[in-house]
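The next block holds one structure in the form of structure tokens; read it before the comments.
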Ligand code: FES
Ligand code: FES
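See below:
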């Protein structure tokens, strides 16, 4: 290959190649010291070991450090270099959501170091980084909110260590010292010493008990809560950002696969194997579990040859043992099957007397809603690079949201101990839930098998077509609503049965002991005061593999619920804004939020009305409570050539408190785009057991000319910190659907809207 | 085969049918240009061929042997490229960043042809997909570069 993957210069290499990563003239700290520091918590051998940028020296450990079980292993996260810059290993992956920058802001605030001097990389797999009660997941919009306090304490602990080192260096009492960004200052003498100069000494200071460190008064925050510039903007604007698909190592081979057309089929004879082997550039052909691969030095050669493979695909002996895609599966027929399900399902949420409410209702109504399968369609196709090393270890470069889970699964397949598997987590070229551990949905098994078979490092890239054949999908659901209104037209009863398989039980390919929360979230957990309600799930297994998709169950369930809420308003002769305010009476947080969204839009104006350009327009609104945050959105739409145009989205979001308003606004824009994509154009269909669309020619995602203007209002109510990446999404599809219904008089009960033609 | 890449002659050992995208990424080791779809749908692979934005995934390398190829790697060696990158940073455009090499190339191509594109020109030229939904930020950056007000993003 032309060049080696240069781990010393690239962010996102996620490295564990210790020597390469050490700053000039330094070596990582010896593992034994780390073991000692970690105390009984232990540390996976092979974990990256870092010090405060210190030159190689015999481990010097002070006994006082060992007992402090509550101390964070600060040096595992932070490396201060002699030039007074800092490298931070983030437990959370960066995939565009701004986590790396947020981590730098939080740690920098307490460490007293400008986030701008941070270089952030994804931490390797290892127990020390499992800071979410012994786990770590980049998902559920959890990164910042779950680690906010931890990161502050890590920063503050580092500052305390530097202050101790400064006291020693300057020969003054600790109490006389303070810090300014990047330096310890002795005000009385006017002397100061930079963190970079102190880093070597700081290593020898006791890591303070995390609970004992003093945190900054939030009123003095310089970076937390401010629109700090993202750290990855320049490299992502100049092609320098490195994703898994870009990773290279010496002697690399590349592979393309042809998957079984339907999951569960296994390859038999490769009818044209000799001819494929003779194709330009081909190194070898390999029959794998559920796929056949071609290996070549250049991926394009591998791809041409993999596409040319003529494989006999054999039915599984026991289709029930695998997640099997039947040859007659079709999404339309499956939706009809879901709709025909008459069971009452298993209750997830109940309140009051539903039967009584319906019996005494002045009016009742019912409606059936439906969602579609969705692809993640992250722009970077999945890839994995596997390299077995002479010492028996295995290096893996792969996009992932859960490094330790991948490490365990990879170790199992490779017949190694987890500690022998080094997980490198490059930047993610989008994820939206795509890079969890999905059986049959990740390329790593291919990479391991091919690296073993060829005896060389192999990078497998799934072509877009092969990705759309194995990308696990956001589930389809058919949801049956019944509503009861009192004599004044106000809702008093709600009865909902969602016919679906939830993503969690789909991924597990088994029902759990409890109902799958992710199946119904967004129909359950609503704050509206409807006294009598029953929310249930009627489980029907989906043939396609399922996945988490940005905002998970909420991505569709708030569409169903908030649309039906408008139907209840219409039926009772109520305005949907007034109805929501009434049902939220006494809930100051949500009332305030809803009003904020409406105010942001210039006041409630449902329409239809004629806009300045002469088009007929209307507005709709919706709310959602996903992932610990609260959101309310107003959408303005018109119809052009039978299709919905979304002009503006005004969204108010209350995550309790925030770290970076600019990133929040960017995430709202991003979530709006995905929400619009879902409601307007997206849907993954199957016919005859095969996906209809295998690439972006047939699978639509929101194009630039269908993006709406986005207006964002952030409310920091002071409530417990919630998520950011997913919460702005779920209110968008129902706000649009409600606007379309207001405009056209036609109730929208299925996504995407591109499958219907509208008139005003 | 000889190629002119970013002002330098490069020897490329590939058959003429290999897409320029893969000649750049695999043969020359220049991975700033991205693969998203391979069928001219997404624009992640955009490069300039004689100054004009081109989807390299469907461009046989043999067809551009006589042409000047410019990739994202050279953007900051070009005055206009520098301006576009600076606008991208100022407007904090990228999210995951995967589409952004192509977006920057599309913007440079547009501005090379027309230093003051109208809103309509921008809409017509900036057609690359972005799954992260950075479309409004892209428009804000381009409006800034073109000297007019853009779409609201916050
Ligand atoms: S990779 Fe060329 S247009 Fe998508
Ligand atoms: S920034 Fe992620 S695809 Fe555009």
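Chains as they are written, first to last, in the numbering used here: chain Z, 1 to 760; chain H, 761 to 914. Built from N, CA and C at the ideal position, the CB exists for glycine as well.
I'd like to know if residue 378/Z contacts chain H, where contact means its C-beta is closer than 8 Å to some C-beta of that chain.
Taking the first chain and counting its residues from 1, one reaches residue 378/Z at position 378. Residue 378/Z counts as touching chain H.
If you measure beta-carbon to beta-carbon, which residues of the stretch 419-437 of chain Z are closer than 8 Å to chain H?
427, 428, 429, 430, 431 and 432
Quick check on residue 270/Z: does DSSP put it in helix, strand or coil?
Along the first chain, one-based indexing puts residue 270/Z at 270. Strand.
DSSP beta-bridge partners of residue 539/Z
The residue given as residue 539/Z occupies position 539 in the first chain. According to DSSP, residue 539/Z bridges with 500/Z.
Any heavy atom of ligand 3 within a distance shorter than 7 Å of the CB on residue 797/H?
The model depicted lacks ligand 3 and carries ligand 1 and ligand 2 instead.
Quick check on the DSSP output: the beta strand (DSSP E) that includes residue 713/Z runs from which residue to which?
Sequence index remark: in the first chain, residue 713/Z carries index 713 (1-based). Element bounds for residue 713/Z: 709-714.
Alpha-carbon spacing of residue 481/Z relative to residue 359/Z, whole angstroms
Translated into the one-based positions of the first chain, residue 481/Z becomes position 481. Translated into the one-based positions of the first chain, residue 359/Z becomes position 359. Approximately 16 Å, taken between the alpha carbons.
Proximity test, Cβ basis, 8 Å: residue 889/H and chain Z:
For the purposes of this step, residue 889/H is taken as the residue at position 129 of the second chain. With 8 Å as the cut-off, residue 889/H counts as an interface residue toward chain Z.
Less than 8 Å separating the beta-carbons of residue 634/Z and residue 617/Z?
Stepping through the first chain from its first residue, residue 634/Z is reached at position 634. Stepping through the first chain from its first residue, residue 617/Z is reached at position 617. No.
Per-residue burial, residue 826/H [other beta carbons within 10 Å of its own, 16 or more giving buried]
Locating residue 826/H in the second chain gives position 66, where the first residue counts as 1. Residue 826/H should be labelled exposed.
Exposed or buried, residue 609/Z, counting other C-beta atoms within 10 Å across all chains shown (16 or more means buried)?
Taking the first residue of the first chain as position 1, residue 609/Z is located at position 609. Exposed, since its Cβ has fewer than 16 Cβ neighbours within 10 Å.
What does residue 761/Z touch in chain H if you count any residue whose Cβ is under 8 Å from its own?
Residue 761/Z is absent from the model: chain Z starts at 1 and stops at 760.
Whose C-beta lies closer than 6 Å to the C-beta of residue 91/Z among residues of the same chain, with five residues either side of it excluded?
The residue labelled residue 91/Z in the question sits at position 91 within the first chain. Closer than 6 Å at the Cβ level, and outside the excluded window around residue 91/Z, lie 123, 129, 131 and 136.
When 720/Z, 686/Z and 680/Z are compared against residue 738/Z, the one with the closest alpha-carbon:
Residue mapping note: residue 738/Z aligns to position 738 of the first chain, counting from 1. Of 720/Z, 686/Z and 680/Z, the residue nearest in Cα terms is 680/Z.
Beta-carbon of residue 246/Z versus every beta-carbon of chain H: anything under 8 Å?
For the purposes of this step, residue 246/Z is taken as the residue at position 246 of the first chain. Yes, contact with chain H.
Simplified DSSP state of residue 262/Z, which is helix, strand or coil:
The residue given as residue 262/Z occupies position 262 in the first chain. Correct three-state label for residue 262/Z: coil.
When you compare the CB of residue 703/Z with every CB in chain H, is at least one pair closer than 8 Å?
The count along the first chain starts at 1 and reaches residue 703/Z at position 703. It does: the Cβ of residue 703/Z has a partner Cβ on chain H nearer than 8 Å.
Roughly how many angstroms separate the alpha carbons of residue 104/Z and residue 752/Z, rounded to a whole number?
What you label residue 104/Z is simply residue 104 of the first chain in a count that begins at 1. What you label residue 752/Z is simply residue 752 of the first chain in a count that begins at 1. Straight-line Cα distance between these residues: approximately 39 Å.
Thinking C-alpha only, which one of 219/Z, 553/Z and 410/Z is nearest residue 476/Z?
Within the first chain, the letter at position 476 stands for residue 476/Z. That would be 553/Z, whose Cα lies nearest to the Cα of residue 476/Z.
Could you give the residue range of the alpha helix (DSSP H) that holds residue 406/Z?
For the purposes of this step, residue 406/Z is taken as residue 406 along the first chain, with counting starting at 1. Where residue 406/Z is concerned, the enclosing alpha helix (DSSP H) stretches over 403-414.
When the Cα atoms are used, what is the spatial distance from residue 214/Z to residue 106/Z?
As a first step, residue 214/Z is located in the first chain; it is residue number 214 there, counting from the start. As a first step, residue 106/Z is located in the first chain; it is residue number 106 there, counting from the start. Cα-Cα distance, rounded: 14 Å.
For residue 504/Z, which residues in the same chain have their Cβ closer than 6 Å to its Cβ, ignoring the five residues on either side in sequence?
Counted from its first residue, the first chain places residue 504/Z at position 504. Around residue 504/Z: 516 and 518.
Is residue 532/Z closer than 8 Å to residue 367/Z when the C-beta atoms are compared?
As a first step, residue 367/Z is located in the first chain; it is residue number 367 there, counting from the start. As a first step, residue 532/Z is located in the first chain; it is residue number 532 there, counting from the start. Not in contact: residue 367/Z and residue 532/Z (Cβ atoms no closer than 8 Å).
Inspect the CB distances between the stretch 853-868 of chain H and the stretch 887-899 of chain H and report whether three or more fall short of 8 Å.
yes
Measuring CB atoms only, is the stretch 664-675 of chain Z touching the stretch 306-319 of chain Z, in the sense that at least three cross pairs come out at less than 8 Å?
no
Residue 602/Z to residue 796/H span [Cα, whole Å]:
As a working note, residue 602/Z is residue 602 in the first chain. As a working note, residue 796/H is residue 36 in the second chain. In a straight line, the C-alpha of residue 602/Z is about 40 Å away from that of residue 796/H.
Exposure of residue 67/Z, with buried meaning 16 or more beta-carbon neighbours within 10 Å:
Translated into positions along the first chain, residue 67/Z becomes position 67. Here the model assigns residue 67/Z a pLDDT of 33, short of 50, so the residue's position is not dependable and the matter cannot be decided.
Among 641/Z, 227/Z, 507/Z and 452/Z, the one whose alpha carbon lies nearest that of residue 471/Z:
Translated into positions along the first chain, residue 471/Z becomes position 471. Residue 507/Z is the option with its Cα nearest to residue 471/Z.
May I ask whether a heavy atom of ligand 1 can be found less than 7 Å away from the beta carbon of residue 502/Z?
Numbered from 1 along the first chain, position 502 holds the residue referred to as residue 502/Z. It does not: the Cβ of residue 502/Z is nowhere closer than 7 Å to a heavy atom of ligand 1.
Taking only beta-carbon atoms, is residue 861/H less than 8 Å away from chain Z?
Stepping through the second chain from its first residue, residue 861/H is reached at position 101. It does; some Cβ of chain Z falls within 8 Å.
Does the separation of the CB atoms of residue 626/Z and residue 467/Z fall below 8 Å?
Translated into the one-based positions of the first chain, residue 626/Z becomes position 626. Translated into the one-based positions of the first chain, residue 467/Z becomes position 467. Cβ atoms of residue 626/Z and residue 467/Z: not closer than 8 Å.
List the residues of chain Z whose Cβ lies closer than 9 Å to the Cβ of residue 883/H, in chain order.
For the purposes of this step, residue 883/H is taken as residue 123 along the second chain, with counting starting at 1. By Cβ distance, chain Z contributes 704 and 705.
Taking the continuous beta strand (DSSP E) assigned at residue 395/Z, which residues delimit it?
Locating residue 395/Z in the first chain gives position 395, where the first residue counts as 1. Run containing residue 395/Z: 394-397, per the beta strand (DSSP E) assignment.
Would a C-beta distance cut-off of 8 Å place residue 71/Z and residue 157/Z closer than the cut-off?
In the first chain, counting from the first residue as 1, residue 71/Z sits at position 71. In the first chain, counting from the first residue as 1, residue 157/Z sits at position 157. Yes, they are a contact pair.
Leaving out five residues on either side along the sequence, give the residues of the same chain with a beta carbon under 7 Å from the beta carbon of residue 793/H.
For the purposes of this step, residue 793/H is taken as the residue at position 33 of the second chain. Counting only Cβ-Cβ distances below 7 Å, and skipping sequence neighbours, we find 781, 784, 785, 805, 807, 816, 831, 832 and 861.
Excluding five sequence neighbours on each side, which residues of the same chain lie with their C-beta closer than 6 Å to the C-beta of residue 322/Z?
Your numbering for residue 322/Z matches position 322 in the first chain. Within the same chain, residue 322/Z has close Cβ partners 264 and 316.
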